[in-house]
Structure formats: C-alpha cells, structure tokens
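If you read the sequence shown in numbering that gives the first Met the number 0, its first letter stands for residue 0, the second for the next number, and so on.
Each residue gets a CB set at the ideal place from its N, CA and C atoms; glycine is no exception.
Keep in mind the model is a prediction, meaning the values are calculated, not measured.
These notes concern the structure reproduced below.
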Amino acid sequence: MSGSNFGIIGLGTMGRNLALNIESHGSRVAVWNLETDWIADFITKHPGAKFEGTPTFEQFTAALSRPRRIMMMIPAGKPVDATIEKLQPLLERGDVLIDGGNSWFEDTRRREAALRSAGIHFVGCGVSGGEEGARFGPSLMPGGSGEAWNIIRDVLEAIAAKTEAGACVTHVGPDGAGHFVKMVHNGIEYGDMQLIAESWDVLRRGLGLTAPETADVFEKWNDGPLASFLTELTARVCRTIDPETKQPLVDVVMDKAGQKGTGKWTAQVALDMAVAIPTIAAAIDARVLSSLKDERVAASKVLSGPTPNRPPQAERRQLIDDLGDALYAARICAYAQGMALIRAGSDKYQWNINLAEIGRIWKGGCIIRARLLDPVRRAFETKPDLVNLLLDPGIREGIQHAQAGWRRTVTRATEAGIPMLAHASALGYFDSYRTARLPQSLTQAQRDAFGAHTYERTDRPGAVHSEW
Numbered sequence: 000m001s002g003s004n005f006g007i008i009g010l011g012t013m014g015r016n017l018a019l020n021i022e023s024h025g026s027r028v029a030v031w032n033l034e035t036d037w038i039a040d041f042i043t044k045h046p047g048a049k050f051e052g053t054p055t056f057e058q059f060t061a062a063l064s065r066p067r068r069i070m071m072m073i074p075a076g077k078p079v080d081a082t083i084e085k086l087q088p089l090l091e092r093g094d095v096l097i098d099g100g101n102s103w104f105e106d107t108r109r110r111e112a113a114l115r116s117a118g119i120h121f122v123g124c125g126v127s128g129g130e131e132g133a134r135f136g137p138s139l140m141p142g143g144s145g146e147a148w149n150i151i152r153d154v155l156e157a158i159a160a161k162t163e164a165g166a167c168v169t170h171v172g173p174d175g176a177g178h179f180v181k182m183v184h185n186g187i188e189y190g191d192m193q194l195i196a197e198s199w200d201v202l203r204r205g206l207g208l209t210a211p212e213t214a215d216v217f218e219k220w221n222d223g224p225l226a227s228f229l230t231e232l233t234a235r236v237c238r239t240i241d242p243e244t245k246q247p248l249v250d251v252v253m254d255k256a257g258q259k260g261t262g263k264w265t266a267q268v269a270l271d272m273a274v275a276i277p278t279i280a281a282a283i284d285a286r287v288l289s290s291l292k293d294e295r296v297a298a299s300k301v302l303s304g305p306t307p308n309r310p311p312q313a314e315r316r317q318l319i320d321d322l323g324d325a326l327y328a329a330r331i332c333a334y335a336q337g338m339a340l341i342r343a344g345s346d347k348y349q350w351n352i353n354l355a356e357i358g359r360i361w362k363g364g365c366i367i368r369a370r371l372l373d374p375v376r377r378a379f380e381t382k383p384d385l386v387n388l389l390l391d392p393g394i395r396e397g398i399q400h401a402q403a404g405w406r407r408t409v410t411r412a413t414e415a416g417i418p419m420l421a422h423a424s425a426l427g428y429f430d431s432y433r434t435a436r437l438p439q440s441l442t443q444a445q446r447d448a449f450g451a452h453t454y455e456r457t458d459r460p461g462a463v464h465s466e467w
C-alpha cells in the first residue's frame with residue numbers, strides 16, 4: 000500500500016536535510032538516489048524515522064500516495080530533464096513534481112508547459128538557506144500553478160523558516176516565477192557579499208584593524224540596522240583561527256572567489272530587460288578580477304598607486320561609523336536593483352509577483368535575510384506599484400541619513416587606492432536615479448552624428464536627425 004506522502008529525489012547535502020526536515024514535521028518520506036548505497040546509508044543512519052528507501056523509480060512512485068508530491072534536489076540542467084523523462088511515464092494526472100535546484104527559469108517554463116499538457120503539475124521552487132536552512136527551515140520560493148500550490152502548501156509551510164510575519168514561503172507566481180525570484184535573490188546575495196568584502200578591506204588595509212578587531216565591528220553592526228545573516232557570519236569568519244598556523248583563518252584563504260552561475264544569469268537577464276543592476280554586476284566583475292591571481296600579483300609589481308594612510312586612533316570611530324552608513328545605503332541600492340528586476344520579469348511574463356511577499360519570505364531562512372527587509376516589505380505593502388525602492392519615504396529617509404558618510408567612505412577609499420567596485424556603483428546608481436538630466440544627451444547626439452540614429456528633442460515630440 001502507498002504509505003509515503005512526500006518523495007525526495009537526490010540525497011546530497013540539500014536533499015537529505017530537506018528529507019529530515021519534512022519527516023520531522025510529520026510526513027512519511029520516500030527517498031531515491033542514483034547511487035543506491037546512499038539510500039541504505041541514509042536509512043541506517045536514521046533508525047525509527049519515517050523513511051522509505053526505494054532503489055528504483057518504479058518502487059519510488061509506487062510508494063507515494065496520490066496525488067504524488069515529489070521534490071527533486073539534483074544538479075540543474077540535463078540531469079533534471081533526464082529525471083523527468085524517466086519519471087513521467089510513472090506519474091499520473093494531478094501529481095506534482097518540484098524542482099528544488101537552481102534551474103534556469105526559462106528551462107522551468109519549458110518543463111512546466113510540457114508537463115502541464117500531460118496533466119502533471121511542475122513547480123520550480125527556489126530554496127535558500129544552505130545546509131542548516133534545509134534542515135531546520137529554509138526560505139522557499141515555489142512557482143507553478145495555483146492548483147499545485149494548494150497540493151504542496153501544507154508541507155512547504157510546515158518546513159519553511161518562521162518569523163513574526165509567518166512562514167517564509169509563498170506562491171510566487173506561475174511557471175518560472177519561483178526560479179526567477181531565486182535567481183535574483185542570488186544576485187542580491189552576490190552584491191551584498193561584495194559590499195561586505197569591500198567594507199572589510201577598508202577596515203583591514205585602510206584602518207589597519209586586525210581580523211579579530213574587524214569581527215568586533217561586524218558584531219556591533221549586527222546589533223543595529225545592518226543586522227543580517229551575512230553580517231553575523233562575517234564576524235564569525237573573521238574571529239576563526241587556523242589550527243595549523245594559529246593565524247586568522249581568513250588570512251590563509253586564497254583571495255579567489257568562485258561562482259556557480261546564478262549571479263551571471265541575473266546580470267544577463269537584467270541586460271535583456273534593460274534594468275540597471277550595477278552593484279550586482281560589479282560584484283560579478285569583482286569575482287572575475289579576483290580569479291586573475293597570477294596576473295594581479297605580477298601587476299602589483301609594476302603598477303603603482305597610493306599607499307593607504309592610516310588615520311589617527313582618535314578618528315577611527317567616525318570612519319567606522321561612516322563605513323557602516325556606506326554599507327547600509329549601498330545594501331539598499333542592491334535590494335532596489337533586485338526588486339526592480341523582479342518587477343520587470345513579473346511584468347514581462349505576467350506573473351503578478353507580490354514584492355511585499357518576497358520581502359516577507361526573505362526575512363528568515365535565506366542567505367540574504369536581514370533587518371533591512373522589514374522596511375523593504377513595508378514599502379511595497381504601502382505602495383504595491385512602487386517603481387523603485389529608493390522612492391519609498393522611509394527608505395529615502397534612511398539613505399538621506401547615511402549619505403554623507405557613504406560619500407566620505409567612497410572618497411577616502413578611492414584616495415587610498417582601495418577598490419570599491421560595488422560601493423561606488425551603488426553610489427553611482429543612486430546619483431544617476433536622482434538626477435533629472437543626465438549627460439546621455441551627449442551620448443545620443445554622438446550616436447546621431449556618427450550613425451544617424453536620430454534623437455528626441457526636449458521642446459517637441461518626435462524623432463529627428465541633424466547634420467552635426
């Protein structure tokens with residue numbers, strides 16, 4: 000008899016922790032993995048738990064009650080299509096198949112349409128929170144049909160992270176909406192991590208703080224408006240000692256940052272949709288530049304710049320306060336850019352995404368969870384059609400308060416030769432957005448002068464061409 004009411008495909012780090020999370024909330028879970036010895040090992044390690052190991056897809060689907068609810072936690076791309084191809088003949092109308100990986104949202108749209116024609120629900124579901132989140136409460140971003148959401152809602156709400164605003168899960172919208180929002184979430188994550196890294200660089204090289212002293216700064220920041228998972232994590236990372244060298248472990252880590260592709264996707268989609276996300280793009284560029292380690296080492300021997308001039312101890316407190324203001328304002332700009340991209344995607348694909356709900360479900364469980372998401376959520380609750388987060392009165396007041404320290408920080412870092420790709424791009428974004436007339440009047444004049452591309456006049460409508 001079919002006794003499991005949820006199925007997990009893939010027992011890697013995220014899959015097995017989600018299975019444990021689901022089982023701990025009352026479900027009997029059928030599990031499948033390509034390497035069948037992983038299944039036996041998983042079952043053995045959790046005696047007495049309500050798991051059913053199924054080495055074949057036939058046994059797996061037979062073990063599940065109807066309508067079947069199945070979540071794939073496998074690598075994105077071809078493995079997802081291959082798994083769907085093997086599973087589909089074993090599924091029935093009304094079953095729900097969930098892809099919990101970081102899949103390209105256009106692939107999700109394609110898969111959802113194909114399975115919909117067979118009467119099977121397909122849900123692309125963003126999952127954020129890493130290993131700990133998967134086990135004890137992630138932020139979940141499911142797309143797909145409303146009917147599919149109603150079938151899986153009870154389980155997803157049970158396992159999601161909880162805050163005072165409720166479970167950190169919502170029905171994001173049709174077809175690829177969930178994976179689109181997760182993609183943008185990861186882009187914002189790139190931006191936030193780079194802003195924090197640049198702030199840390201200013202503390203280390205600009206102010207001469209030790210790694211433990213930078214941990215003190217981040218811990219203090221985490222008690223205020225900058226409170227976030229990444230701020231807290233940074234303090235912990237900066238305080239960790241390498242057991243081999245007895246030095247701060249962060250100083251032993253090679254300065255080359257990797258990436259898995261979702262940040263790049265965010266930038267590509269933003270270009271396609273004509274949405275400016277310079278802070279997220281700068282974060283991607285910074286990771287690419289970091290990968291050029293050998294080139295940078297060679298360049299450092301022949302390219303000179305200013306040497307950071309350490310300020311007197313008496314000035315350090317004000318400089319750190321300014322830096323905190325800069326991080327706050329730049330972080331707001333990263334969120335503003337991400338939310339603008341989500342709105343553009345929602346409009347293009349008619350997803351009707353509720354941006355206040357996105358702010359709410361990001362408040363807990365996910366990597367970018369932060370205190371700042373409270374005013375972000377309030378901004379879109381107050382004005383659902385808000386075109387840019389910077390225009391909200393509360394957000395605007397916070398930026399205004401931080402602006403002087405933000406500008407001083409970027410100026411000092413530039414004068415000291417400390418790269419501020421993300422901070423400077425955020426400030427440039429803010430200044431561009433608040434400027435009524437930009438110098439692109441010259442750009443368009445140039446385009447008309449060399450290519451007869453025409454231009455619009457300020458004093459009357461219509462496209463015109465001039466002889467320059």
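Through-space distance from residue j to residue i, alpha-carbon basis
i, j, result
"R433", "R395", "11 Å"
"Q349", "T162", "29 Å"
"E130", "D320", "34 Å"
"K255", "S290", "5 Å"
"I331", "L371", "8 Å"
"D191", "A333", "7 Å"
"P392", "E380", "13 Å"
"P311", "H184", "40 Å"
"L426", "L388", "15 Å"
"W31", "Q87", "15 Å"
"M338", "L437", "23 Å"
"R286", "W103", "21 Å"
"A112", "I119", "10 Å"
"R238", "R203", "14 Å"
"A133", "D200", "32 Å"
"P78", "D98", "11 Å"
"F478", "E51", "Within the shown structure, residues of the chain are numbered from 0 to 467, placing residue 478 beyond reach of any answer."
"F179", "I158", "22 Å"
"A164", "N353", "15 Å"
"P46", "G11", "19 Å"
"G172", "F56", "29 Å"
Burial state of residue i, where buried means 16 or more other Cβ atoms lie within 10 Å
i, result
"G404", "buried"
"G6", "buried"
"S440", "exposed"
"H452", "exposed"
"K245", "exposed"
"L270", "exposed"
"Q336", "buried"
"L155", "buried"
"R15", "buried"
"L322", "buried"
"H24", "exposed"
"W467", "exposed"
"A81", "exposed"
"H170", "buried"
"P211", "exposed"
"G100", "buried"
"L302", "exposed"
"L33", "exposed"
"K259", "exposed"
"N351", "exposed"
"Q267", "exposed"
Terminal residues of the alpha helix (DSSP H) in which residue i lies
i, result
"E130", "129-135"
"I319", "312-348"
"I283", "277-290"
"K219", "210-220"
"D191", "176-200"
"Q402", "392-414"
"L420", "420-432"
"D271", "261-271"
"T12", "12-23"
"R359", "354-360"
Those residues which DSSP pairs with residue i across a bridge
i, result
"K161", "A166"
"G52", "V30"
"G125", "M140"
"S227", "A369"
"H120", "V95"
"V463", "Y454"
"P247", "I240"
Distance cut-off 7 Å: residue i Cβ against heavy atoms of the ligand NAP
i, result
"M419", "By its list of ligands, the structure shown contains no ligand whatsoever, and the ligand NAP lies outside what it can speak to."
Bounding residues of the beta strand (DSSP E) (the contiguous stretch that carries residue i)
i, result
"I8", "5-8"
Chain B within 8 Å of residue i, Cβ atoms only
i, result
"G344", "The structure shown contains no chain B; it holds only a single protein chain."
* Taking only runs of the alpha helix (DSSP H) that begin and end inside the stretch 31-113, which ones reach a length of at least 4 residues, in chain order? -> 35-44, 56-61, 77-86
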